[in-house]
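Engineer: Sharing a structure with you now.
2 protein chains.
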Amino acid sequence: MEVKKLKMSMTNVLKSDLKKILLDCGIQPSFQRLAIFEYLYQHDVHPTVDMIYRSLSRDIPTLSKTTVYNTLNLFIKKGIVTGLTIEENEMRYDYNVKPHLHLKCTKCKKIWDIKCDASFSNLNLIEGHRILEKQVYLKGICRSCLKKQKK
Amino acid sequence: MEVKKLKMSMTNVLKSDLKKILLDCGIQPSFQRLAIFEYLYQHDVHPTVDMIYRSLSRDIPTLSKTTVYNTLNLFIKKGIVTGLTIEENEMRYDYNVKPHLHLKCTKCKKIWDIKCDASFSNLNLIEGHRILEKQVYLKGICRSCLKKQKK
DNA sequence: TTCAAATTTGAATTGAATCCAAATTAATGT
DNA sequence: ACATTAATTTGGATTCAATTCAAATTTGAA
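Going line by line, the protein sequences match chains U and E.
Per my numbering, the first sequence starts with residue -19, numbered consecutively.
Per my numbering, the second sequence starts with residue -19, numbered consecutively.
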């Protein structure tokens, strides 16, 4: 009971915080947009459009997939969400303010976050080109699959 | 006349070299495969499947797009070609043995090669994950577009 | 030459992403 | 409150890269 109450109030505080972030970016925080933003905030598994759509559809039965696409493209344009193309077939979306890298496991296909320890130079000018955005994509075998291999 | 002759013999030398590379990788160097490999070797502009197909079709009218897809996937599996997903909509292919980064210009949409000066750590184990492949995707404004801006 | 395996081909299919016009909702002015 | 305009959402249709698959062709071995 106590825990549930606390959790609910936390959720509410969070929602208003997220609303503020959207407003600060000049994005009207509509019901759908806030729901999608909240989903991204709570699910750091680099979800696909379909995952977001299927999950939110249960609560918002009228939700359209086009709205999910529209909203995510808007978020990307405003810079609060990143689109990952490490998956060859479909885009994945990521809300993460801290700089980090992505590793795709070739075994389990999961995309892991790697805390970036500034291992990559933070120049903003390389060979005369102005660098605005950096993404490091790693491919390999994740530690959980490595453990399974050993057995 | 002299130049043409020289160029032809160079092309021949090159072709047999490329054939050897394929054989060394356990790839039967069929006419189509060799043509696709040669195209990648000569065109470092990160071509799409369609670009490769349209160009080679003029010399090989019976060429099928599926063959291009099959061949490129085979090359990737054998590790002599890299597939770039920096473009959000379509795959681009790259034959380049030397380590390098890719920069996509947000203005002219071109993908530039950046000579990698080992600016990224070459660990093969990060946070317990085994790293097999690294790709650094940069986005920004290329030097040629920056020059145009200044005028 | 003959037969089996490898390779190529093109039509059909899949599915992520976009387009677009209509419907709905929110914002503004009177 | 009401009307009018703008912003947002919706779903069906469309696009197009990529894959599937069975048939045709080519290659290699016996």
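Don't be surprised by glycine CBs; every beta carbon is placed ideally from N, CA and C.
Using a Cβ-Cβ distance cut-off of 7 Å, determine whether Thr65/E contacts chain U.
Structural biologist: yes
Engineer: Give the interface partners of His109/E over in chain U, defined as CB-CB distance under 8 Å, in chain order.
Structural biologist: The contacting residues are Leu83, Cys85, Trp92, Ile94, Leu118, Gly120, Ile121, Cys122, Arg123 and Leu126.
Engineer: Grab the span of the beta strand (DSSP E) containing Leu118/U for me, first residue to last.
Structural biologist: His109 to Ile121
Engineer: Does Lys131/E get closer than 7 Å to chain U when you measure Cβ to Cβ?
Structural biologist: no
Engineer: For Gln115/E, go through chain U and note every residue whose CB falls closer than 9 Å to its CB, in chain order.
Structural biologist: Ile66, Gln115, Val116, Tyr117, Leu118 and Lys119
Engineer: Is Lys(-16)/E helix, strand or coil by DSSP?
Structural biologist: Because the pLDDT of Lys(-16)/E is 43, which lies under 50, any placement of that residue in the model is unreliable, and the number read from its coordinates should be weighed accordingly. Looking at Lys(-16)/E - three-state DSSP - the assignment turns out to be helix.
Engineer: Can the beta-carbon of Ile94/U be found closer than 7 Å to that of Asn104/U?
Structural biologist: no
Engineer: For Val116/U, does the count of other Cβ atoms within 10 angstroms reach 16, so buried, or fall short, so exposed?
Structural biologist: By the 16-neighbour rule on beta-carbons within 10 angstroms, Val116/U is buried.
Engineer: Give the interface partners of Leu112/E over in chain U, defined as CB-CB distance under 9 Å, in chain order.
Structural biologist: Thr86, Leu118, Lys119, Gly120 and Ile121
Engineer: Quick one: is Ile16/E near chain U, going by C-beta distance under 7 Å?
Structural biologist: no
Engineer: Identify, in the order they occur along the chain, each residue of the same chain with its Cβ nearer than 8 Å to the Cβ of Gln8/E, setting aside the five sequence neighbours on each side.
Structural biologist: Leu2
Engineer: Contact criterion: CB-CB distance below 7 Å. Does Met(-19)/U meet it with respect to chain E?
Structural biologist: Note that Met(-19)/U scores 40 on pLDDT, short of 50, meaning its location in the model is unreliable; the coordinates nonetheless yield the value given after this. Judged by the 7 Å Cβ criterion, Met(-19)/U is not in contact with chain E.
Engineer: Check for me: the alpha helix (DSSP H) holding Tyr49/E runs from which residue to which?
Structural biologist: Lys45 to Lys58
Engineer: Pull up the DSSP beta-bridge partners for Thr62/U, would you.
Structural biologist: Answer by DSSP bridge pairing, in chain order: Asp74/U.
Engineer: How many angstroms separate the CA atom of Lys89/U from the CA atom of Lys131/E?
Structural biologist: 47 Å
Engineer: Would you mind giving the Cβ-Cβ distance between Gln12/U and Ile40/U, rounded to the nearest angstrom? I have them listed as a contact below 8 Å.
Structural biologist: 7 Å
Engineer: For chain U, check one thing: does any of its Cβ atoms lie closer than 7 Å to the Cβ of Ile32/E?
Structural biologist: no
Engineer: If we call anything under 7 Å between Cβ atoms a contact, is His178/E one with Ile91/E?
Structural biologist: This structure leaves residue 178/E out entirely; chain E is present only between -19 and 131.
Engineer: Given that Ile60/E touches chain U, what residues does it touch there, using C-beta distances under 7 Å?
Structural biologist: Per Cβ cutoff of 7 Å: no residues; Ile60/E is ~16 Å from chain U at best.
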